[in-house]
Amino acid sequence: MQDSRELEIPFGHISLPQFPPIEIAGITIDISITKHVVFLWLSALILIALALVAARGNSKRRVPHGFGNLMEVFVLFIRDEIVLPNMGASGLRYMPYLLTTFFFILIMNLFGLVPYGSSATGNVSVTGGLAIIAFIMIQVAAIRAQGFGHYLAHLTGGVHWALWPIMIPIEILGLFTKPFALCIRLFANMSGGHIVIVSLIGLIFIFQSYLVAVAPAGFVVGIMFLELFVAFLQAYIFTMLTALFMGLGMKGEEGAEHAKERH
Amino acid sequence: MFDINPGLILWTILTFLAVLVILRFTAWKTLLASLTAREDSIRASLEQAESARQESLRLLEEHRRQRAEAEEQSRHIVTEGRELADHLKAEILEKAQGSARHIIEQAKEEIGREKEKALVQLRDEVAELAVLAAGKILDANLDAAKHRKLVDSAIRDLNKG
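Same order as they appear, the protein sequences are chains A and B. Numbering-wise (the numbering used here), the first sequence opens with residue 742 and increments by one. Numbering-wise (the numbering used here), the second sequence opens with residue 9 and increments by one.
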């Protein structure tokens, strides 16, 4: 669950390479490969491989079949249930970003359920990185849809200028709280399940009895199924909320247009 | 657990962007394109099917209408033919009866005329015979014996003739 500099494999572990930290703008960044970086890359490779297999299968057949069909169910769901209701047809250009977000998070989440695996999304730095990208995408979508001027005007909240010193910090804070909530929600949900499982298994060692082991083992199986569900749910929620925030920023344009018409 | 590792954030962003860029131009593009193409083709086929259905409904309606028309027409023709036949039958019957009556009347007239003629002829012949018989009676009116004989022979003659 914790990040480490060693990768656990059956019958032993591998020490991961370490690099001297680099300094950018006064921040020391340790770019050493850790366990979560390995699973990050593993998830990325698996995602690329699966997506390519699905894409090749679907472009070859008229009617999708097997894995391509499964992939398409998710793609269709993201398009019809997430992008179109929240962002409208102009949101379709962000489909690749949202698809990547969904599948990347999903695969990382599912890695937590694999023996010797670890979910990178259970690390607050990884979800923080995803949230930073989400933050940038939300701003990009808003600026692209309503122009930079309207985007800045939106930060005033449309109140009297005398209130601007209060309103503008609040609005700017609002911009950051949304991705921050995304980051914490994903991280907490993914590590929470693992903590529950560790606690339940810990009970066996506390009581040191085979008889007691039966109950936690049953509970762990239940929690595992719950985690399987949560892995999908959190990937969906992260994607869904990102699309919602992007859509809100894009709809600011219409609000501004209406305000102009009224004056 | 809450310690933030800037290196991991950096790796996350780089990995995500790499995946995004790679998939954007390969898998997502193909997947979305094939999805749209299939949706379009399904929509087109559905529209086509709908228009074909409308067309077939229209044809069926037209066919029904034509059949009804044809039925109506044939019924009309049959009725008309039957009427004409009835009419003709009555006419022919009447004519035949008329002509039969005429022929019978003619025949009756003819018979009457012939009878009249025959009667006249008979009367003439009887008169002639009577005159002949009277002459013969007058000729042999000398004596009674002869007289008797004469009458007898005249009767015999009559019987013979």
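We put the beta carbon where it would ideally sit given N, CA and C, even for glycine.
Neighbour flag for residue i against chain B, beta carbons, 8 Å
i, result
"Ile819 of chain A", "no"
"Asn799 of chain A", "yes"
"Pro920 of chain A", "no"
"Glu749 of chain A", "no"
"Pro758 of chain A", "no"
"Phe845 of chain A", "yes"
"Met812 of chain A", "yes"
"Val961 of chain A", "no"
"His935 of chain A", "no"
"Leu982 of chain A", "no"
"Leu927 of chain A", "no"
"Ile823 of chain A", "no"
"Tyr838 of chain A", "yes"
"Ala795 of chain A", "yes"
"Leu944 of chain A", "no"
Test: residue i CB closer than 8 Å to a CB of chain A
i, result
"Val86 of chain B", "no"
"Ala26 of chain B", "yes"
"Leu54 of chain B", "no"
"Arg32 of chain B", "yes"
"Leu18 of chain B", "yes"
"Ile50 of chain B", "no"
"Leu68 of chain B", "no"
"Ala35 of chain B", "yes"
"Leu65 of chain B", "no"
"Ser59 of chain B", "no"
Test item: CB-CB of residue i and residue j under 8 Å
i, j, result
"Asn799 of chain A", "Ser42 of chain B", "yes"
"Leu927 of chain A", "Gln975 of chain A", "yes"
"Ala958 of chain A", "Gly832 of chain A", "no"
"Phe24 of chain B", "Gly870 of chain A", "yes"
"Ala872 of chain A", "Ser784 of chain A", "no"
"Tyr857 of chain A", "Glu749 of chain A", "yes"
"Ala886 of chain A", "Gly990 of chain A", "yes"
"Ala29 of chain B", "Phe845 of chain A", "The sequence given here places Val at residue 29 of chain B; Ala does not occur at that position. Cβ distance not < 8 Å, so Val29 of chain B and Phe845 of chain A don't count as in contact."
"Leu31 of chain B", "Ile789 of chain A", "yes"
"Ile17 of chain B", "Ser866 of chain A", "yes"
"Val134 of chain B", "Ile145 of chain B", "no"
"Asp771 of chain A", "Asn864 of chain A", "no"
"Met931 of chain A", "Leu854 of chain A", "no"
"Leu941 of chain A", "Phe970 of chain A", "no"
"Met812 of chain A", "Val824 of chain A", "no"
Bridge partners - residue i, DSSP secondary structure assignment
i, result
"Gly753 of chain A", "A:Ile750"
"Ile770 of chain A", "A:Ile763"
Assumed close pair residue i, residue j - CB separation to whole angstroms, cut-off 8 Å
i, j, result
"Thr980 of chain A", "Ile819 of chain A", "6 Å"
"Phe876 of chain A", "Pro920 of chain A", "4 Å"
"Thr769 of chain A", "Pro762 of chain A", "5 Å"
"Ala882 of chain A", "Met987 of chain A", "4 Å"
"Ile945 of chain A", "Ala954 of chain A", "5 Å"
"Thr775 of chain A", "Arg746 of chain A", "6 Å"
Within chain D, the residues that residue i reaches when beta carbons sit closer than 8 Å
i, result
"Ile12 of chain B", "The structure shown contains no chain D; its protein chains are A and B."
### Query
Below 8 Å, can you find three or more Cβ-Cβ pairs linking the region 842-850 of chain A to the region 895-903 of chain A?
no
#### Entry: Any 3 or more C-beta pairs closer than 8 Å across the region 746-765 of chain A and the region 775-784 of chain A
yes
### Query
Three or more beta-carbon pairs under 8 Å between the region 796-810 of chain A and the region 36-53 of chain B, yes or no?
yes
#### Entry: Touching by the beta-carbon criterion (3+ pairs, under 8 Å), the region 904-913 of chain A and the region 931-944 of chain A
no
### Query
Can at least three beta-carbon pairs, one atom from the region 833-847 of chain A and one from the region 46-65 of chain B, be found at a separation below 8 Å?
no
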